[in-house]
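There are 2 protein chains.
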Amino acid sequence: MASTAKIAKTDDKNGHSNADDQADKEHQEAIEQIDEVQNEIDRLNEQASEEILRVEQKYNKLRQPHFGKRSDLIAKIPNFWVTAFVNHPQVSALLNEEDEEALQFLQKVEVQEFEDIKSGYTINFTFDKINPYFDNEVISKEFHLNDTGEPSSKSTPINWKSGKDLTQKTATPSKGKKRTHDEQESFFCWFTDHGDAGADELGEVIKDDIWPNPLQYYLASEIDEEVGDGEDD
Amino acid sequence: MASTAKIAKTDDKNGHSNADDQADKEHQEAIEQIDEVQNEIDRLNEQASEEILRVEQKYNKLRQPHFGKRSDLIAKIPNFWVTAFVNHPQVSALLNEEDEEALQFLQKVEVQEFEDIKSGYTINFTFDKINPYFDNEVISKEFHLNDTGEPSSKSTPINWKSGKDLTQKTATPSKGKKRTHDEQESFFCWFTDHGDAGADELGEVIKDDIWPNPLQYYLASEIDEEVGDGEDD
Ligand SMILES: [Ca+2]
Ligand SMILES: [Ca+2]
Ligand SMILES: [Mg+2]
Ligand SMILES: [Mg+2]
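Line by line, the protein sequences give chains P and D.
Mind the numbering: the first sequence is residues 805 to 1037 in our numbering, read in order.
Mind the numbering: the second sequence is residues 805 to 1037 in our numbering, read in order.
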């Protein structure tokens, strides 16, 4: 099939036949035309992406008042966020005992996607002012993709109260206190870890899994506890 | 902070204070209200998904005539598809020497997403009628998700000509012919492999990587050959 154009070929001095030349020319023209069609397809793909982005932006705006109302309701429930985190298998694995103590002062979590969505998001953690660990009321971690798609992240520096820096504790465990599996790196080390901003596991779990529906994780404990209570009877 | 409601508690006979009861009631009410807000958010999420699906369907329709035009142009170029496949690293790894012979008769590849997109897609392979391997002109593999999201796939049975079944060849290598690494399972075994329909690697590579722009893979050989030609000088 590929050789039909070569059947009646007449070689020129370079070993090319006129039929070969004609076929080569036709193939080259076809390739150029495919390239043009491909450009049209690419243009449609870009239009589709832009239109989908506008739909996502529209619904992000429509969801905002509901998220605000949800935050107000969540604030009425003591230990909502620490409970949701402890009940989330992936997040729970990142918490040591002192992290859980400190996160009892976490009153509000907020995920904000940037206006153009694809360029990044911020997670704001609002803590009780009376918290004994640090002076900050809001600690944020921000994930950003620049124009060339290069990821980066930055965080609010945490102003730890004297002797309370949880990110230092595991490095120097207190004398006489036996080292347990709970003495793992603190959850709060995440704020200063900018090594994998393009695929930050905890950031993505909070944004894509917890933030869309934190209630299910808060309630997971209720179910677990009820099952546990039943077994204790 | 969680205990403020318990400060002035008066225990009843069950060990619960009135303040406890009041706080429990308020928390329960808040949880119910969060659940209602969450339902509103879920409803918006569904609306967003439907709207995005409609955008995708609209652009799928707009792309169709360009794909048709592209197929007509590709048909003018001998060995376009086998070249694109051989130049694609993942697909190339699935081809033995006889597969490459047989795929020289592949004239058209077509990916059709189902109208509701999320429910599946079909890949149609159109072969030259004079092909010496099988009687089929069109061989298709179809991937389908049912209502409960369960994946399945099915294919056109291939009517192999006598002694030409490539899916049988590797099982019984001809006598005296030494076994090489090329005697791997045939590409055509993919048509009867329905074991991983939900994550069919080759299906997804063709749909998501090759189909959007097959020209780049066809041309990749041109670049490689030119580099190769240069090195031979
Ligand atoms: Ca409970
Ligand atoms: Ca070349
Ligand atoms: Mg909140
Ligand atoms: Mg085609």
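Even glycine gets a Cβ: it sits at the ideal position worked out from N, Cα and C.
These numbers were taken from a predicted model, which means no experiment stands behind them.
Beta-carbon spacing of residue i, residue j below 7 Å
| i | j | result |
| --- | --- | --- |
| P1016 of chain D | A888 of chain D | no |
| S956 of chain D | A1001 of chain D | yes |
| L970 of chain D | F938 of chain D | no |
| V886 of chain D | L907 of chain D | yes |
| T926 of chain P | E941 of chain P | no |
| K862 of chain P | V841 of chain D | no |
| S959 of chain D | D903 of chain D | no |
| E850 of chain P | V859 of chain D | no |
| S966 of chain D | L949 of chain D | no |
| E833 of chain P | H870 of chain D | no |
| N891 of chain P | Q988 of chain P | no |
| F884 of chain P | Y1022 of chain P | yes |
Chain B contact for residue i (CB, 7 Å cutoff)
| i | result |
| --- | --- |
| K873 of chain P | Given the protein chain composition of this structure (P and D), no chain B is represented. |
Residue i in three-state terms, based on DSSP
| i | result |
| --- | --- |
| H831 of chain D | helix |
| N1017 of chain D | coil |
| N891 of chain D | helix |
| F929 of chain P | strand |
| F992 of chain P | helix |
| K810 of chain P | Because K810 of chain P carries a pLDDT of 39, less than 50, the predicted location of this residue cannot be relied on, and the following value inherits that uncertainty. Looking at K810 of chain P - three-state DSSP - the assignment turns out to be helix. |
| L848 of chain D | helix |
| Q908 of chain P | coil |
| H870 of chain D | helix |
| L857 of chain P | helix |
| F884 of chain D | helix |
| K958 of chain D | strand |
| K945 of chain P | strand |
| S966 of chain D | coil |
| K865 of chain D | helix |
| S875 of chain D | helix |
| S896 of chain D | helix |
| G924 of chain D | strand |
| E902 of chain D | helix |
| S914 of chain P | What sits at residue 914 of chain P in the sequence shown is Glu, not Ser. Note: E914 of chain P maps to strand in three-state DSSP. |
Pairwise C-alpha distance: residue j and residue i
| i | j | result |
| --- | --- | --- |
| S896 of chain P | S896 of chain D | 43 Å |
| D762 of chain D | A1024 of chain D | The structure shown does not extend to residue 762 of chain D, since chain D is modelled only from 805 to 1037, so the question has no answer here. |
| E919 of chain D | F918 of chain P | 32 Å |
| G999 of chain P | K973 of chain D | 50 Å |
| Q894 of chain D | D1013 of chain D | 11 Å |
| E836 of chain P | L848 of chain D | 45 Å |
| P961 of chain P | I943 of chain P | 8 Å |
| K1010 of chain P | E905 of chain P | For the sequence presented, residue 1010 of chain P should be read as Ile rather than Lys. For I1010 of chain P and E905 of chain P, the distance between alpha carbons rounds to 19 Å. |
| H831 of chain D | D824 of chain D | 10 Å |
| W964 of chain D | N935 of chain D | 11 Å |
| S853 of chain D | S821 of chain P | 57 Å |
| L898 of chain P | Q868 of chain P | 29 Å |
| N928 of chain D | S875 of chain P | 51 Å |
| I838 of chain P | D932 of chain D | 21 Å |
| E1005 of chain P | W994 of chain P | 10 Å |
| K968 of chain D | T996 of chain D | 16 Å |
| G1007 of chain P | Q826 of chain D | 36 Å |
| T952 of chain P | N864 of chain D | 28 Å |
| V829 of chain D | T930 of chain P | In the sequence on display, residue 829 of chain D carries Lys and not Val. Going by the C-alpha atoms only, they are around 25 Å apart. |
| Q916 of chain P | L857 of chain D | 24 Å |
| E954 of chain D | E954 of chain P | 37 Å |
Any non-hydrogen atom of ligand 5 within 6 Å of residue i CB
| i | result |
| --- | --- |
| I962 of chain D | Ligand 5 is not part of this structure, which contains only ligand 1, ligand 2, ligand 3 and ligand 4. |
Touching by the beta-carbon criterion (3+ pairs, under 8 Å), the stretch 868 to 879 of chain D and the stretch 904 to 916 of chain D: yes
Between the stretch 876 to 908 of chain P and chain D, which residues of the former have a C-beta closer than 8 Å to a C-beta of the latter? L877, I878, K880, I881, P882, N883, Q908
At a Cβ cut of 8 Å, what residues of the stretch 829 to 844 of chain D count as close to chain P, listed as they run along the chain? E830, H831, A834, I835, Q837, I838, D839, V841, Q842, E844
Anything in the stretch 908 to 930 of chain P with a Cβ closer than 8 Å to a Cβ of chain D? List those residues in chain order, please. Q908, F909
Interface residues of the stretch 996 to 1018 of chain D facing chain P [CB-CB below 7 Å]: Here the close residues are N1017.
Note down, in chain order, all residues in the stretch 929 to 948 of chain D with a beta-carbon under 8 Å from any beta-carbon belonging to chain P. D932, I934
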